Amino acid sequence: MDALARDGLPATEVLLSFDDNRLASLVFGHYDQNLAHIERRLGVVISPNGNHVTIKGPRETAEQAGRVLKTLYTRAKAGAPVTLGEVDGAIEESNVQRSLFPAADTGKASFDAIVTRKRGPVRARNAAQDAYLRQLKRNELVLAEGPAGTGKTWLAVGHAVSLIEQGVVERMVLSRPAVEAGERLGFLPGDMREKVDPYLRPIYDALNDFMEARHVERALQTGMIEIAPLAFMRGRTLTNAVVLLDEAQNATSVQMKMFLTRLGEGSRMIITGDPTQIDLPPGQRSGLIEAVRLLSGVEGVGYAKFEEGDVVRHDLVRRIVMAYESASRREREEREERMRAAVPEPQAPIESETEGLKRTLSRERPR
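Using our numbering, you'd call the opening residue of the sequence shown number 29 and step up by one each time.
Structure follows, in structure tokens:
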């Protein structure tokens, strides 16, 4: 069946024109890959012609595709890159617009954003990220858990950079458990930074996304940005700082309590992790899981939960994560079913030979 008439919906044709050919080509992507991605995601047909596009499909999705292209053009005009990730973000944003405002001209919804000097406004790409950013702006402590690729750490670093640039805090402290080294960093060669660099590479990558490399290096030298392994946080009180603990699922219960009590005046704390990727030795409780359970509902503590459907990396990564999560759920359900089947049915107590003989003799005894 023609994609334009699927589900019995009448086809609609939406025409768009963009003022700047160069920006339009950025929006369309290399060899129109962004347009092809929108076609696959929304089930429409998009035909470019110079700085014009024709969108054909069911009215609702054709109009949604038009909103996505307008959003991407606005971002390109502001100097933002138009990657496939940005395309996915614009699609998610358009889903919120559609759910909040069914009539396209009755209003406009927009995901929350963080602003840094290097990147300008960085907007959430889906509803989960939007809720996360709002929690970060509203609370002094935020716990975030979910699978890799959902933007937990990246957005936390961007928010931290934004707080420093706005003068809300004076410095940034970045921490991560070094489970692979057994937290025995003193035995590793090099100075402190050389010891922990391999474990904090993802945070460095995020910093370089939001700050110029020379500014990152200068901030590290002056102490505006501090790298502090979790094992070295004991006994400190962190004031006027934004403190980020990444990979918190690998912090023990004792370490998590120690880390949480480092929070000082004028500070913010962000804790991120993936409970499905715990590398602690058997018998050790994850401090992240315990903290989420104990601190739920505490005033000043925010919580953000990401699911496999919130992955914002390559679309294939989203499908890979969902496949693994689905397999994990099936294994868990099968294990629970086997445990239920292994529980024996209640049986009448077994009579011993002595008790049986006594009962027989009592029946046979003459009256």
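Glycine included, each C-beta is placed from N, C-alpha and C at the ideal position.
Only a predicted model underlies this, so the values are computations on that prediction, with no experimental measurement involved.
Linking I74 to K84 through their CA atoms gives a straight-line distance of about 6 Å.
The alpha-carbon separation between P303 and E362 amounts to approximately 20 Å. Contact between the segment 181-194 and the segment 144-156 is established, with three or more Cβ pairs separated by less than 8 Å. Looking at the DSSP output, N77 sits in a beta bridge with H80.
Each residue's CA atom was taken as its position, placing I299 and D274 some 6 Å apart. Apart from sequence neighbours up to five positions away, no residue of its chain approaches N77 with a beta-carbon distance below 7 Å. Short of 6 Å from the beta carbon of R357, and not among the five residues preceding or following it, lies no beta carbon of its own chain. Around D60, the same chain offers P76 as residues with beta carbons nearer than 7 Å, after the five sequence neighbours per side are excluded. Considered as a whole, the segment 268-320 harbours 269-273, 296-301 as its complete beta strand (DSSP E) runs of no fewer than 3 residues, in chain order. Rounded to the nearest angstrom, the Cβ distance from A332 to Y160 is 4 Å, consistent with a contact under 8 Å.
Cβ contact annotation for V55 (same chain, cutoff 8 Å, sequence separation greater than five): F46, N62, L97, L100, Y101, A104, V110, in chain order.
F287 is the residue among R87, N268, R246, F287 whose C-alpha sits nearest the C-alpha of R204. The secondary-structure analysis by DSSP pairs L43 across a beta bridge with T82. By the 16-neighbour rule on beta-carbons within 10 angstroms, S122 is buried. In the structure shown, E254 falls within a strand segment according to DSSP collapsed to helix, strand and coil. Beyond the five residues adjoining it in sequence on each side, S281 comes within less than 6 Å, by CB distance, of R313, G315, E318 in the same chain, given in chain order. Collapsing the DSSP output to three states places E173 in a strand. Going by DSSP, S190 is part of the alpha helix (DSSP H) stretching over 180-194. Excluding sequence positions up to five before and after L291, its CB lies within less than 6 Å of the CB of M297, all in the same chain and listed in chain order.
Shortest Cα-Cα distance from H80 to any of N49, R68, G57 involves N49. As computed with DSSP, R199 is found in a beta bridge with A269. About 5 Å separates the beta carbons of S295 and L266, which is inside the 8 Å limit, making them a contact pair.
Under the three-state reduction of DSSP, V340 is assigned to coil, being neither helix nor strand. In this structure, N268 and L308 do not form a Cβ contact; the two beta carbons are roughly 32 Å apart against a cut-off of 8 Å.
Non-local C-beta neighbours of D338 in its own chain, meaning closer than 6 Å and more than five positions away in sequence, comprise N154, A156, T178, ordered along the chain.
In its own chain, leaving out the 5 sequence neighbours on each side, no residue places its CB closer than 8 Å to the CB of G263. The continuous alpha helix (DSSP H) containing R68 extends over residues 61-70. Ranked by Cα distance from A206, the options P149, I348, I255, E91 are led by I255. From the listed residues F238, A39, L164, Q305, the smallest Cα separation to V270 is found for L164. Collapsing the DSSP output to three states places T89 in a helix. With a contact defined as Cβ atoms closer than 8 Å, V170 and I231 miss out at about 16 Å. For A234, the enclosing alpha helix (DSSP H) starts and ends at 229-238. In the DSSP annotation of this structure, the continuous segment of the beta strand (DSSP E) that includes K333 starts and ends at 329-333.
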